[in-house]
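Q:
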Amino acid sequence: SQINEKLEHRLGGILCCAVCLDLPKIAVYQCQMGHLMCAACFTHLLADGRLRDQAATCPNCRVEISKSTASRNLAVEKAVSELPSDCQYCGKEFPCKSLERHEQIECEERPSNCKYIRIGCQWKGPIHEAHEHEQVCAHPKKSGAEVMSALQARDMDFEEEKKFYATLIDLLSYEKIIFNDLQMKPYRTDEYVQKLFYETARFTAFNHQWVVKARINNSQRDPHQSCDREITYQLILKTKTSCPLNIHYFALKGPFSDMKLNTKIYKHDFTDTENMSDYNLLPLPDSSECNRLLASKAINFRLIMFLLSK
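Numbering (full-length UniProt numbering), first residue to last: 1 to 310.
#1: Please classify Pro24: is it buried, with 16 or more other beta-carbons within 10 angstroms of its beta-carbon, or exposed?
#2: Given a cut-off of 8 angstroms, decide if Ile231 and Lys213 are closer than it, judged by their beta-carbon atoms.
#3: Leaving out five residues on either side along the sequence, give the residues of the same chain with a beta carbon under 6 angstroms from the beta carbon of Ala56.
#4: Is Thr239 helix, strand or coil by DSSP?
#5: Do you know how far the Cα of Leu11 is from the Cα of Val28?
#6: If we call anything under 8 angstroms between Cβ atoms a contact, is Phe206 one with Met259?
#7: Alpha carbon to alpha carbon, what distance is there between Leu171 and Leu307?
#8: Any idea if Leu281 is buried or exposed, counting beta-carbon neighbours within 10 angstroms, 16 or more meaning buried?
#9: Measuring straight from C-alpha to C-alpha, what distance separates Phe203 and Val211?
#10: For Gln135, count neighbouring Cβ atoms within 10 angstroms of its own Cβ and tell me buried if that reaches 16, exposed if not.
#11: In chain order, what residues of the same chain lie with their CB nearer than 7 angstroms to the CB of Pro59, ignoring the 5 residues before and after it?
#12: From this set, Lys264, Gln209 and Ala298, which residue's C-alpha is nearest Phe197's C-alpha?
#13: Identify whether Tyr279 lies in helix, strand or coil by the three-state DSSP scheme.
#14: With a threshold of 6 angstroms on Cβ separation, who are the neighbours of Cys121 within its own chain once the five nearest residues in sequence on each side are excluded?
#15: Kindly give me the distance between the Cβ atoms of Tyr279 and Asn218, rounded to whole angstroms, as I take these residues to be in contact under 8 angstroms.
#16: Please go through the same chain and pick out, in chain order, the residues whose beta-carbon is closer than 6 angstroms to the beta-carbon of Glu129, but skip the five residues on each side of it.
#17: In the DSSP assignment, find the unbroken beta strand (DSSP E) run with Ile247 in it and report its ends.
#18: Between the alpha carbons of Ser1 and Leu7, how many angstroms are there, rounded?
#19: Nearest-angstrom Cα distance between Glu77 and Cys96?
#20: Enumerate in chain order the residues of its own chain whose CB-to-CB distance from Asn180 is below 6 angstroms, with the five nearest sequence positions on each side excluded.
#21: Please report the residue range of the beta strand (DSSP E) in which Ser143 lies.
#22: Cβ atoms of Gln32 and Val63: under 8 angstroms apart, would you say?
#23: Would you kindly check if the distance between the Cβ of Pro283 and the Cβ of Lys264 is under 8 angstroms?
#24: Taking the Cβ atom as the reference point for each residue, do Phe256 and Tyr266 lie within a distance shorter than 8 angstroms?
#25: In three-state DSSP terms, what is Ile177?
#26: Around the C-beta of Thr200, are 16 or more other C-beta atoms found within 10 angstroms, so that it is buried, or is it exposed?
#27: Tell me whether the beta-carbon of His268 lies closer than 8 angstroms to the beta-carbon of Thr239.
#28: Beta carbon of Gln104, beta carbon of Ser71: below 8 angstroms?
#29: So which of Ile127, Leu15 and Phe270 has the shortest CA-CA distance to Ala79?
#30: Taking the alpha helix (DSSP H) that Gln54 falls in, what are its first and last residues?
#31: Distance, Cα to Cα, residue 340 vs Tyr192?
#32: Quick one: give me the first and last residue of the alpha helix (DSSP H) that Lys78 is part of.
#33: Would you please state the rounded distance, in angstroms, between the beta carbons of Ser287 and Asp228? I believe it to be under 8 angstroms.
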């Protein structure tokens, strides 16, 4: 067992991405010399090369890389999928390839709501305790008048959801739509008490250069002393514009991430003087998901932008 654990740890160090040093979660690419890169870092290197108008290179050996010269390494992908990883709910080890299914469907410690949540029950707990709670839940015995407020709240949520989808369908009818798969990396401010922030490399959209910047708990002085954590992000226009840019945008998990992310659409009118949006919430489900992202070497996501033509 001890030998196996050491082997697993050694394999983790050998099979990790040469850029972010994390174990790849999906596709694994390699340069002509065999150095490994996860799909997110590979596309990020190609994008950096495009922005600098230079050929992208492997960070280890500096050989040129491109979609035609780099190749998938299926053996590494299969090996990584068999490496063990801990369930965030029960703490047991499972192969990476089956961990998501275990956490979503099989784990007896995964969080659950009471089935009477529709009529106002706020109980939350591990799924193996749900049946016992539902046997004694007081909400089924309440009168219609008593549960009306809960039903009205659900109606309001439903109307908000309808409004969101109507807005999204309207945005999808815009002429100018673009998306970029981005990677935010951690940095520290130059202040005496350094604060953590995240930033992407520059990327191109609508013939302009942009950056996404993020901070933790609105840059509070000691975020490590708070158990409630959130990430807010802003979109920054880095080039001059001759006319205002009416931009709607939102973040998605994208193809290179396993981030659990809700969808919220934001809007900003970008000009030369108003070139930064407000810091808006990255709508993660809870603080534990935020902690999981902060534990990663980088945060990968997809940003979709819509430009309203004047």
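All residues carry an ideal CB built from backbone N, CA and C; glycine is no exception.
A: According to the structure data:
#1: buried
#2: no
#3: Leu45, Leu46, Gly49 and Ile65
#4: coil
#5: 15 angstroms
#6: no
#7: 9 angstroms
#8: exposed
#9: 7 angstroms
#10: exposed
#11: Ala18 and Val19
#12: Ala298
#13: coil
#14: Cys114, Cys137 and His139
#15: 7 angstroms
#16: none
#17: Leu245 to Leu252
#18: Confidence is the limiting factor: at Ser1 the pLDDT is only 49, short of 50, which leaves the residue's position unreliable, though a coordinate-based value still follows. Those two C-alpha atoms are separated by around 10 angstroms.
#19: 11 angstroms
#20: Phe203 and Leu303
#21: It is not in any beta strand (DSSP E) - Ser143 carries neither H nor E in the DSSP assignment.
#22: yes
#23: yes
#24: no
#25: strand
#26: buried
#27: no
#28: no
#29: Leu15
#30: Segment: none, Gln54 is in no alpha helix (DSSP H) and carries neither H nor E.
#31: The structure shown has nothing for residue 340, since the chain only spans 1 to 310.
#32: Leu74 to Glu82
#33: 5 angstroms
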